[in-house]
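Here is the structure we will look at.
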Amino acid sequence: MGFLSLLFITPLLFGVTVCQYEFDDFEDDYENEIDHEYPRIFHHNPGIENVFPYFNTPNECAKECFCPPNFPIAMYCDHRKLQKIPSIPSHIQQVYLQYNDIKAVHLESFVNATALKEIDLSHNKINSHMIDTGVFAKLSNLAQLHLQYNLLEEVPYPLPRSLERLILGFNQISSLHRKAIEGLVNLTMIDLCSNYLEDSQFKGIQFSNTNNLMQLNLCSNRLQSMPPELPSSLMYLSLENNSISVIPNNYFQRLPKLLALRMSYNNLQEVPHNAFNIPGLVELNLGHNKLKQVFYIPRSLQHLYIEDNEIEVMNITLMCPSLDPLNFSHLTYIRVDQNKLTAPLSTYAFFCFPHIRSIYYGEQKLSTSQRTQLRTPVFRRYLTPEEYEEAEDGHEDQDHENDIRGREDDDYFDSYLY
Ligand SMILES: *[C@@H]1O[C@H](CO)[C@@H](O)[C@H](O)[C@H]1NC(C)=O
Ligand SMILES: *[C@@H]1O[C@H](CO)[C@@H](O)[C@H](O)[C@H]1NC(C)=O
Ligand SMILES: *[C@@H]1O[C@H](CO)[C@@H](O)[C@H](O)[C@H]1NC(C)=O
Ligand SMILES: *[C@@H]1O[C@H](CO)[C@@H](O)[C@H](O)[C@H]1NC(C)=O
Ligand SMILES: *[C@@H]1O[C@H](CO)[C@@H](O)[C@H](O)[C@H]1NC(C)=O
1 MGFLSLLFIT PLLFGVTVCQ YEFDDFEDDY ENEIDHEYPR IFHHNPGIEN
51 VFPYFNTPNE CAKECFCPPN FPIAMYCDHR KLQKIPSIPS HIQQVYLQYN
101 DIKAVHLESF VNATALKEID LSHNKINSHM IDTGVFAKLS NLAQLHLQYN
151 LLEEVPYPLP RSLERLILGF NQISSLHRKA IEGLVNLTMI DLCSNYLEDS
201 QFKGIQFSNT NNLMQLNLCS NRLQSMPPEL PSSLMYLSLE NNSISVIPNN
251 YFQRLPKLLA LRMSYNNLQE VPHNAFNIPG LVELNLGHNK LKQVFYIPRS
301 LQHLYIEDNE IEVMNITLMC PSLDPLNFSH LTYIRVDQNK LTAPLSTYAF
351 FCFPHIRSIY YGEQKLSTSQ RTQLRTPVFR RYLTPEEYEE AEDGHEDQDH
401 ENDIRGREDD DYFDSYLY
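Using the UniProt record's numbering, the first residue of the sequence shown is number 1, and each one after it goes up by one.
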């Protein structure tokens, strides 16, 4: 019973939303917003003043805003129906202006604010042409800039070289200056999800010197092909909900550090067999495409999502061409529901992927006449060396595969049917 409920919970945990940010490693800037939440130090010392005795003139604060007396480097101006950005005093390092009615970003507000490290201007009504040229570039300590949920038509340019995180999701951005990103040496993450970017914006885009860029989110844009020339430092790449139909041969050879790749809701019909042979890849999401065939699974991969495709046969030999007893695949979870599978997975899968804990098979897209009883074992223990050898034999001789399958009822597998 515990097992059954786990099966029902897994699909809820995985792959429900398109722009999946549910894992900590794929940081979520929309959910971690600092709204109403003061820095921890403030919480911990609610009544104690001057815990930072080294701030000499911490009292200055815009009259519209709140500067916590014992965390005086922060200025909170969020949720106040403000139409203008107040003047920001020179000692302020973090300014929170989200959820207002701000339409413009003028130089005056920032003339003295040279210490700023973080600006949150999300959930406002800012147009690109209402941002004074160079207003951000002057802030030579700025590390985080939040501008999600505005009305921007282009990526702000120029930006300060100190910038580390640039959050621009949910705007109307269709234009990216060729040099906007160039030279941002400390940039680690850019979020451009839910904008209007097309392929042409990425032609000739310079990612030169962005050697620290780890995460690029481009979900829900209008891309039809893979962006060229991405920096080799990337670890997380999100391209969900575009119209990408082709992954060029060897595309990911230039991204050897990739840990997670999300490409659900695209138009992929086929991918090169070796496309995802990326040595450290841990998560691969290709759900909601039009794939007909499976592909090589790198040993490092832990989570594979290929639900809602057109796959008729899970050819495990394609996924796992050889077994290496010293170097097993790390795969623990496969989601294959809403394909066109008519048979359970070959039991060879459990030799190739001995760490599998759950296969979410769910419903398949079959005509009622095809809708046979599809049942598959989902949990099993690790292989003993003898079992491993048997699997090897069975694999080499394809005719043996059915023999192995026929043994499901033995204690060979802890097979559970659902
Ligand atoms: C900037 O600082 C100067 C000197 O402290 C002050 O006179 C001026 O009013 C400030 N400007 C703004 C826009 O806050
Ligand atoms: C980049 O970050 C490093 C380490 O925090 C810092 O020393 C350096 O000044 C930053 N570079 C720029 C251009 O701000
Ligand atoms: C995909 O993106 C479009 C906008 O490009 C959006 O309207 C739609 O809700 C997104 N689909 C999903 C499943 O998120
Ligand atoms: C699986 O793929 C291998 C290699 O392409 C092929 O030889 C084999 O016939 C396929 N098996 C099935 C069941 O399609
Ligand atoms: C395991 O396989 C990977 C990929 O083929 C390889 O890079 C790695 O060196 C192997 N490790 C061992 C211990 O054989």
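Backbone N, C-alpha and C fix where the C-beta goes; we use that ideal spot for every residue, glycine too.
Other residues of its chain near residue i: CB distance less than 6 angstroms, five sequence neighbours each side excluded
i: Ala349; result: Ile316
i: Met319; result: Val294 and Ile297
i: Tyr265; result: Val18, Glu240, Asn241 and His288
i: Gln94; result: Ala74 and Glu118
i: Asn267; result: Ser243 and Ser245
i: Leu147; result: Leu121 and Leu168
i: Pro89; result: Glu60
i: Phe328; result: Pro354
i: Leu152; result: Ser128, Asn171 and Ile173
i: Leu237; result: Leu216 and Leu261
Where residue i falls: helix, strand or coil (DSSP)
i: Arg299; result: coil
i: Ile316; result: helix
i: Phe202; result: helix
i: Leu107; result: helix
i: Gln338; result: coil
i: Ala74; result: strand
i: Gln215; result: strand
i: Phe351; result: helix
i: Ser128; result: helix
i: Tyr305; result: strand
i: Phe66; result: strand
i: Gln94; result: strand
i: Arg222; result: strand
i: Arg262; result: strand
i: Tyr251; result: helix
i: Asn241; result: coil
i: Glu270; result: coil
i: Leu281; result: coil
i: Leu4; result: Reliability of the predicted coordinates at Leu4 is poor, the pLDDT of 36 falling under 50, and no value is obtained from them.
Candidates the options: closest to residue i by CA position
i: Leu139; options: Leu116, Leu145 and Lys179; result: Leu116
i: Gln83; options: Pro72, Ile73 and His106; result: His106
i: Ile205; options: Ile167, Pro272, Ile181 and Gln302; result: Ile181
i: Glu118; options: Tyr76, Glu108 and Ile131; result: Tyr76
i: Pro158; options: Ile278, Asn339 and Lys179; result: Lys179
i: Arg161; options: Leu152, Arg357 and Leu142; result: Leu142
i: Ile311; options: His330, Gln338 and Pro321; result: Gln338
i: Asn209; options: Thr188, Leu261 and Gly183; result: Gly183
i: Ser358; options: Leu341, Tyr305, Cys193 and Lys365; result: Tyr305
i: His123; options: Asp101, Asn112, Pro248 and Gln144; result: Asp101
i: Ile92; options: Asn70, Met263, Gly362 and Phe351; result: Asn70
i: Phe207; options: Asn221, Met189, Phe110 and His303; result: Met189
i: Met263; options: Ser300, Pro248, Leu281 and Leu286; result: Leu286
i: residue 435; options: Leu187, Ser220 and Val185; result: Residue 435 is absent from the model: the chain starts at 1 and stops at 418.
i: Pro272; options: Leu284, Pro248, Glu283 and Lys290; result: Pro248
i: Leu331; options: Thr114, Lys81, Cys352 and Leu197; result: Cys352
i: Ser300; options: Val313, Met314, Gln269 and Leu284; result: Leu284
i: Phe110; options: Gly134, Pro321, Ser87 and Tyr99; result: Ser87
i: Pro279; options: Phe252, Tyr96, Leu341 and Lys340; result: Phe252
Other residues of its chain near residue i: CB distance less than 7 angstroms, five sequence neighbours each side excluded
i: Ser225; result: Asp199, Ile244 and Val246
i: Asp132; result: Val105, His106 and Leu107
i: Ala137; result: Pro158, Leu159 and Pro160
i: Leu281; result: Leu258, Leu259, Leu261, Pro298, Ser300 and Leu301
i: Leu163; result: Leu142, Ala143, Leu145, Leu184, Asn186 and Leu187
Beta-carbon proximity list for residue i, same chain, < 8 angstroms, skipping 5 on both sides
i: Phe202; result: Leu176, Leu223, Pro227, Pro228 and Glu229
i: Met235; result: Met214, Gln215, Lys257, Leu258, Leu259 and Ala260
i: Ser232; result: Arg254, Leu255, Pro256 and Lys257
i: Tyr196; result: Gln172, Ile173, Ser174, Asn221 and Arg222
In DSSP terms, what residue i is bridged to
i: Ala275; result: Answer is none; Ala275 lacks a bridge partner.
i: Gln144; result: Glu118 and Arg165
i: Ser175; result: Glu154
i: Ile190; result: Leu166 and Leu216
i: Ile359; result: Ile334
i: Tyr236; result: Gln215 and Ala260
Cβ neighbour criterion (16 or more within 10 Å) applied to residue i
i: Leu259; result: buried
i: Asp191; result: buried
i: Leu326; result: exposed
i: Asp324; result: exposed
i: residue 475; result: Given that the chain is displayed from residue 1 to residue 418, the structure contains no residue 475 and the question cannot be resolved.
i: Ala275; result: buried
i: Ala343; result: exposed
i: Asn309; result: buried
i: Asn250; result: exposed
i: Asn211; result: exposed
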